[in-house]
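What follows is a set of notes on a single structure, which appears directly below.
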């Protein structure tokens with residue numbers, strides 16, 4: 561299957577790496593080099609999808625993060641004991657300790673789970689800034705909870721689980737650590753990278769993506785298009801009639817940078833779009849996580865799974881025609897009157 565990936569940042573390279581070898585992948589990047597700006601926020605949990613992606617392309621992951629500068633030592637013994645309430649809400653949610661809602665701010669969630677002002681100043685507010693790049697008075701409690709859950713070991717059972725939490729801050733860029741290796745990985749598996757490629761439109765015919773248009777005139781046909789650009793950059797690439805008729809397109813145009821505020825999670829689009837043959841890749845894709853590198857890596861995995869689902873069926877071998885007087889009932893047709 562021919563796949564065109566629009567955008568050569570981290571998300572586009574991640575999608576290409578997941579699809580390379582199984583399909584004919586062409587990466588189209590408008591800049592002279594692939595790679596992109598660092599995706600914020602920097603705080604990550606265990607990030608299994610990101611680790612698997614780096615391992616796939618042979619990128620180094622050991623120096624990618626440094627331990628997050630948050631310690632329980634700054635908390636009083638009473639505040640440490642109150643962490644049990646958050647641990648219960650994370651691991652064993654119940655009517656008494658329900659999971660956080662996306663429409664609930666971090667501050668309101670901390671009220672509900674009984675965290676003191678001292679614990680908020682020492683731990684929760686700085687952690688929220690690093691995890692969501694938002695103040696705790698506006699940030700989504702659900703996304704902070706998701707970050708915390710990702711950091712815990714598989715079977716957390718006690719307060720000691722917080723000491724084993726794997727929270728880390730990105731400390732190096734990805735240009736030298738990932739982008740070059742991902743590009744080499746793609747090319748070694750028959751993929752193609754086209755830089756200085758200005759995609760002016762995504763071709764959509766009868767609600768099906770058929771490829772892209774470069775510089776307003778050059779047509780690149782594809783069986784599947786993966787848009788790995790920001791929502792603001794994607795909306796102008798869609799046909800006018802699609803933008804006018806699809807509520808999804810209108811919502812995409814309204815999607816702003818404040819993806820981590822309370823109530824914004826439902827506005828993030830999924831990897832699948834209303835158009836057959838058009839998928840989205842990027843940190844902004846709704847994965848249940850903040851719009852960080854782990855979210856972008858998971859969106860790339862979703863694209864790979866959906867691409868396999870959208871593979872064209874194998875053509876059926878011609879059936880041998882029956883001989884003699886026997887005629888299969890399925891071949892009979894009612895004669896026209």
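Numbering (my numbering), first residue to last: 561 to 897.
Idealized CB from N, CA, C, for every residue including glycine.
| Check | Outcome |
| --- | --- |
| Residue 628, buried or exposed, once every other Cβ within 10 Å from all chains shown has been counted against 16 | buried |
| Residue range of the beta strand (DSSP E) that includes residue 842 | No beta strand (DSSP E) holds residue 842; DSSP gives it neither H nor E. |
| Residue 584: first and last residue of the uninterrupted beta strand (DSSP E) it sits in | 584–588 |
| Test item: CB-CB of residue 699 and residue 666 under 8 Å | yes |
| Limits of the alpha helix (DSSP H) - the one that residue 747 falls within | 740–748 |
| Spatial neighbours of residue 838 in its chain, beta-carbon cut-off 6 Å, leaving aside the 5 residues before and after | 769 and 785 |
| C-beta contact flag for residue 712 and residue 650 at 8 Å | yes |
| 8 Å contact criterion, which residue 617 and residue 577 should meet: CB distance rounded | 5 Å |
| Range covered by the alpha helix (DSSP H) that runs through residue 924 | Because residue 924 is not part of the residues shown, which for the chain are 561 to 897, the question remains open. |
| Distance between residue 588 and residue 758 (C-alpha atoms, nearest Å) | 8 Å |
| Bridge-paired residues (DSSP) for residue 562 | 584 |
| As assigned by DSSP and simplified to three states, the class of residue 759 | strand |
| Nearest residue (CA-CA) to residue 686, options 742, 603, 655 and 570 | 603 |
| Exposure label - residue 636; buried when at least 16 CB within 10 Å | exposed |
| Terminal residues of the alpha helix (DSSP H) in which residue 671 lies | 666–672 |
| Alpha-carbon to alpha-carbon, residue 727 and residue 794 | 32 Å |
| For residue 865, three-class secondary structure by DSSP | helix |
| For residue 860 and residue 845, the rounded distance between their alpha carbons | 10 Å |
| Beta-carbon proximity of residue 535 to residue 692, cut-off 8 Å | What the structure shows of the chain is the stretch from 561 to 897, and residue 535 is not part of that stretch, so it cannot be assessed. |
| Segment limits, alpha helix (DSSP H) that includes residue 646 | 637–651 |
| Presumed contact (8 Å Cβ cut-off) between residue 788 and residue 585, rounded CB distance | Not quite, the Cβ-Cβ distance comes to about 12 Å (not below 8 Å), so this is no contact. |
| C-beta contact flag for residue 856 and residue 574 at 8 Å | yes |
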